[in-house]
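Below: one structure, written as structure tokens.
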Amino acid sequence: MPVGPSLRQLHAHQAIHDGGLAGAKSKTEEVERFYASGDLELAEQATNELLGYWESRILSHADAEEDGFYQEVTEKNPDLQEAVVQLKRDHELMRIVVRSIHELRETSGWSAAILHKLYALLEINEIHSREEERLLF
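Numbering (the working numbering) for the sequence shown: 16 to 152.
Right, dumping it as structure tokens:
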């Protein structure tokens with residue numbers, strides 16, 4: 016798949032990462048505020064919106080990286096193959112956590128365990144983004 020210029024340029028790629036993370040943090044904090052206030056219905060609605068954000072913004076960016084950018088990077092520098100494997104694993108971890116949140120909500124409803132997983136997603140994403148920027152640019 017063709018790779019757009021924003022994936023190839025460090026400053027643009029960082030902006031994508033930073034924007035996605037900022038939005039996810041803000042939406043996660045909103046979920047936490049609703050939960051802390053005891054409004055589980057609003058917490059549930061905000062979680063729906065947040066998971067949609069993860070899927071449409073952050074995980075779709077991961078898909079774009081895997082569908083072209085990483086291949087392009089390793090073709091130019093085969094020594095980066097191991098780093099790319101690690102970065103793909105980070106993406107898979109985020110996908111696994113998102114799926115586990117969906118499953119937990121279906122089986123147990125909304126709970127504090129979901130909030131813990133949402134914060135774990137933020138940590139994985141932040142570490143992944145900084146490592147990707149450090150290793151590939």
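Ideal placement from N, C-alpha and C gives every residue a C-beta, glycine not left out.
Which word fits residue i, buried or exposed, when buried means at least 16 other C-beta atoms lie within 10 angstroms of its C-beta?
i, result
"Val-46", "buried"
"Asn-140", "buried"
"Glu-147", "buried"
"Val-88", "buried"
"Ile-116", "buried"
According to DSSP, is residue i helix, strand or coil?
i, result
"Asp-54", "coil"
"Asn-63", "helix"
"Gly-34", "helix"
"Gln-101", "helix"
Assuming the contact rule is C-beta atoms closer than 8 Å, residue i and residue j should be a hit. Round their C-beta distance to whole Å, please.
i, j, result
"Val-113", "Leu-137", "Wrong, their Cβ atoms sit about 12 Å apart, outside the cutoff."
"Ala-77", "Met-109", "7 Å"
"Ser-144", "Leu-36", "7 Å"
"Glu-70", "His-106", "Incorrect: roughly 12 Å between the Cβ atoms, too far for contact."
So, using beta-carbon positions, are residue i and residue j closer together than 7 Å?
i, j, result
"Trp-125", "Leu-55", "yes"
"Ala-79", "Leu-150", "no"
"Tyr-50", "Leu-130", "yes"
"Leu-133", "Phe-84", "no"
"Lys-40", "Tyr-68", "no"
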